[in-house]
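Residue numbers (the numbering used here), protein chains in the order written: chain A, 296 to 711; chain B, 296 to 711.
Here it is as structure tokens:
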């Protein structure tokens, strides 16, 4: 086995960057702090991390913590690589290598994992997205447009019947995709099985009436066996998607679910902020999302343009583009996942999202942007589809809105 | 069900802290950005997060990112709580609540989850540590002393036979506990099953010869089914401990393993730095470790005093004390886990560790501090036990070393 895997870091150090990189390399492979019996030179040669690249960078890393003895600091991009021989084709053990104790090394004032380069031999062990872009389009029967989605709100508190009633109105309004909120899983006031039965009964009657299909992502986040059981419940009841909180079930549990799954897996990224918001430390989306993509997510949340959160647009666009770039560093399957734009999305972000992605292979999820339309849900959905059609056809939004009251009202109702 | 769960955050904000806390409360419970149909006042009352406390704090949060329009900032400790009714007794879904999108809210410049307060009704769903302190002492037959441990080094590269040979010398040297390095799991050059057979064969012969038992934590980190199978392999081969990388298998997979396990689970925290090192964001050990403790870890790594990493001693001590404090906010089982001190530990940290913990209920793991002893492994182990005995008996280290050559040599060989 001659494959390698690699990681790129932004670091800031008060030492010679070569020394900092050497500490990172040692901590992530063979080293301890003294020479010890049994350590052969060949072990370091065969199993030691390799410093592939150290390049100075200009931009400071916000949030860096200066070393007490710092006089001057250097900022660099460092690339390390390891033989796959060290871990085997195992994502959790690769994580222990490139995102393990290496994050604790003393010689850096800041350390950010910005990307990982993984070999496609992992595709022998992991299954990747089962549905991805094409499978999601097949199920929803949507071509040449984004999948227009929404989230059941309020996040918590609705009963199964209240949920189904809202879902019925959303379907009648023309929505393509609906998801549970990530805060809604299997609470006593809205038990999972009852919600599935109520929602799918409503959607089945809708499809019988109209021929249209709506994708519904049920949040099955929970214990390992619970998730498999809930997946099977959704499948048996005629559903077409399940959702998980990626960080809180973890890579191993997602890969386990994927091996069992017959439905698309909608990956919610809540909690990614715990390891990504501080720019000087933690992990970039580019690195983070590859693990869950290889483990088997079909859709992954990327936040949205002009979102209600702290994240700037350029970061959102970088994440979304990463979702459709090849997942492996060498050849092998591309395994694109569908980026999910969400968080205060309205008619106003369609054009910029289309410009940034140059594609409609995405899910565009509006909560308040649809449910809060002054003329109701159907007008909400209509206005979003109109905004996207204007973007795709290259017609200015206000011009397109002139003969389209749903869009016109939305432009007035939501802040640009 | 009238139970609640709570979380404490340190925040820094350029707004009125009440407004920032309100945004956090909304994002983690019922709110979206506009009022929507179906939202009843009673839903917010029954399911909304409650702001229990906002207290100004003096200390600045290093690494805070000032809001562009910041003129003055306020630093506060904020306590929020939610009805368990929102999530049910489900750790992954509680995580989505207190460590989910709340970490992305715009109104804070810094946000750190410092503690969680969880209800003991979780003990009906989760099993907690199966062995903990008492079970580990029973297996190792060690009373009134810390469990003296070491890590197989080099971290990667040894074959099963080389590993077993080193383990034999460590056992002969008097060690109580040995663990795989977290970088060693099931790689091609040291296949798991072969390592288990080689190591346990050596340890069985050692026990037959001496009557002494050594605990060996095999790193079973991997896919869900792999971990169960490897656990069973260790059990069938007569082993007495398994180890996992907590962050990279995740809470759900750990709880799944725990339900199956008949052996103690040694919890390695590598990667905790991705979400803890930047002080302005992320998660404190106190909050983080409770999740894995409730899910079923028996031992949890806490770093060590004067460690080779960036973490200051006061933080290490706080973590270690947390491991033996009650895990639930109300009554119910205490579920202490054994704190594992590790990272450049030598004879020099025994006294301060004992003073900080006022207990010997801990694992004290030395890699180089034992393997690097100038007179070999047996002297390495002996010196560590002597340093601990001196600490417990209140005899100054140098005085105790006078008639004890192993300790004397260690004091000279390792930096104080």
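By construction, the Cβ of each residue, glycine as well, lies at the ideal position given by its N, Cα and C atoms.
Query                                                                                                                                                                                                : Result
Which residue from B:406, B:388, B:380 puts its Cα closest to that of residue 371 of chain B?                                                                                                        : B:406
What do you reckon, are the CB atoms on residue 369 of chain A and residue 311 of chain A nearer than 9 Å?                                                                                           : yes
For residue 442 of chain B, I'd like the list of residues in its chain whose CB is within less than 6 Å of its CB, leaving aside the five on either flank, ordered along the chain.                  : 435, 471, 472, 658
Note the first and the last residue of the continuous beta strand (DSSP E) segment covering residue 700 of chain A.                                                                                  : It is not in any beta strand (DSSP E) - residue 700 of chain A instead sits in the alpha helix (DSSP H) that spans 700 to 708.
Just verifying my parser: in three-state terms, what is the DSSP assignment at residue 687 of chain B?                                                                                               : helix
Hey, residue 580 of chain B and residue 614 of chain B are a contact pair by Cβ (cut 8 Å); roughly how many whole angstroms apart?                                                                   : 4 Å
Could you tell me the boundaries of the alpha helix (DSSP H) in which residue 650 of chain A lies?                                                                                                   : 645 to 652
What is the rounded straight-line gap between the Cα of residue 448 of chain A and the Cα of residue 596 of chain B?                                                                                 : 40 Å
I need the DSSP call for residue 528 of chain A, collapsed to helix, strand or coil.                                                                                                                 : helix
Considering residue 618 of chain B, what are the terminal residues of the beta strand (DSSP E) in which it resides?                                                                                  : Segment 608 to 619 is the alpha helix (DSSP H) holding residue 618 of chain B; no beta strand (DSSP E) there.
Give a yes or no on whether the C-beta atoms belonging to residue 408 of chain B and residue 384 of chain B are separated by under 9 Å.                                                              : no
Grab me the residues of residue 498 of chain B's own chain with a C-beta within less than 7 Å of its C-beta, minus the 5 sequence neighbours each way, in chain order.                               : 462, 466, 509, 511
Taking only three categories from DSSP, how would you classify residue 773 of chain B?                                                                                                               : Absent from the structure is residue 773 of chain B, since the part of chain B shown begins at 296 and ends at 711.
Identify the contact partners of residue 608 of chain B in chain C, using a Cβ-Cβ distance below 8 Å as the criterion.                                                                               : Judged by its chain identifiers, the structure shown contains no chain C, and its protein chains are A and B.
Starting from residue 301 of chain B, follow its DSSP beta bridges and name the residues at the other end.                                                                                           : B:376, B:412
Quick one: what's got a C-beta closer than 8 Å to residue 566 of chain A's C-beta in the same chain, skipping five residues either side?                                                             : 540, 542, 543
Considering only their Cβ atoms, is the gap separating residue 324 of chain B from residue 388 of chain B smaller than 9 Å?                                                                          : no
Let's see if you can read the secondary structure: which residues bound the beta strand (DSSP E) around residue 537 of chain A?                                                                      : 537 to 540
Between residue 411 of chain A and residue 300 of chain A, which are expected to be in contact by the criterion C-beta below 8 Å, what is the C-beta distance as a whole number of angstroms?        : 7 Å
Give the list of continuous beta strand (DSSP E) stretches no shorter than 3 residues that lie fully inside the region 475 to 521 of chain A.                                                        : 510 to 514
Would you kindly report the start and end of the unbroken alpha helix (DSSP H) that includes residue 432 of chain A?                                                                                 : 427 to 435
For the beta strand (DSSP E) containing residue 561 of chain A, list its first residue and its last residue.                                                                                         : 560 to 563
Could you tell me whether the region 454 to 461 of chain A touches the region 481 to 492 of chain A, using the rule of 3 or more Cβ pairs below 8 Å?                                                 : yes
Identify the contact partners of residue 308 of chain B in chain A, using a Cβ-Cβ distance below 8 Å as the criterion.                                                                               : Residues of chain A passing the Cβ test: none, with the nearest at roughly 12 Å.
At which residues does the beta strand (DSSP E) containing residue 633 of chain A begin and terminate?                                                                                               : 633 to 636
Let's see if you can read the secondary structure: which residues bound the beta strand (DSSP E) around residue 659 of chain A?                                                                      : 658 to 660
For residue 349 of chain A, which residues from the same chain have a beta carbon less than 6 Å from its beta carbon, with the 5 sequence-adjacent residues on both sides left out?                  : 312, 316, 371, 373
Taking 9 Å as the threshold (C-beta atoms), are residue 338 of chain A and residue 451 of chain B in contact?                                                                                        : yes
I'd like to know whether the C-beta of residue 511 of chain B is nearer than 9 Å to at least one C-beta of chain A.                                                                                  : no
Anything in the region 476 to 490 of chain A with a Cβ closer than 8 Å to a Cβ of chain B? List those residues in chain order, please.                                                               : 477, 478, 480, 481, 482, 483, 484
Is the region 555 to 572 of chain A touching the region 419 to 435 of chain A, taking contact as three or more C-beta pairs under 8 Å?                                                               : yes
Quick one: using the 10 Å Cβ neighbour count with 16 as the cut-off for buried, is residue 572 of chain B buried or exposed?                                                                         : buried
Can you list, in chain order, the residues of the region 538 to 560 of chain A whose Cβ is nearer than 7 Å to any Cβ on chain B?                                                                     : 540, 543, 544, 545, 546, 547, 548, 550, 551
With residue 345 of chain B as the anchor, note down where its beta strand (DSSP E) starts and where it stops.                                                                                       : 345 to 351
Let me know the secondary structure DSSP gives residue 552 of chain A once reduced to three states.                                                                                                  : helix
Might you give, ordered along the chain, the residues of its own chain that have their beta carbon closer than 7 Å to the beta carbon of residue 702 of chain B, omitting 5 neighbours on each side? : 642, 678, 681, 682, 695, 696
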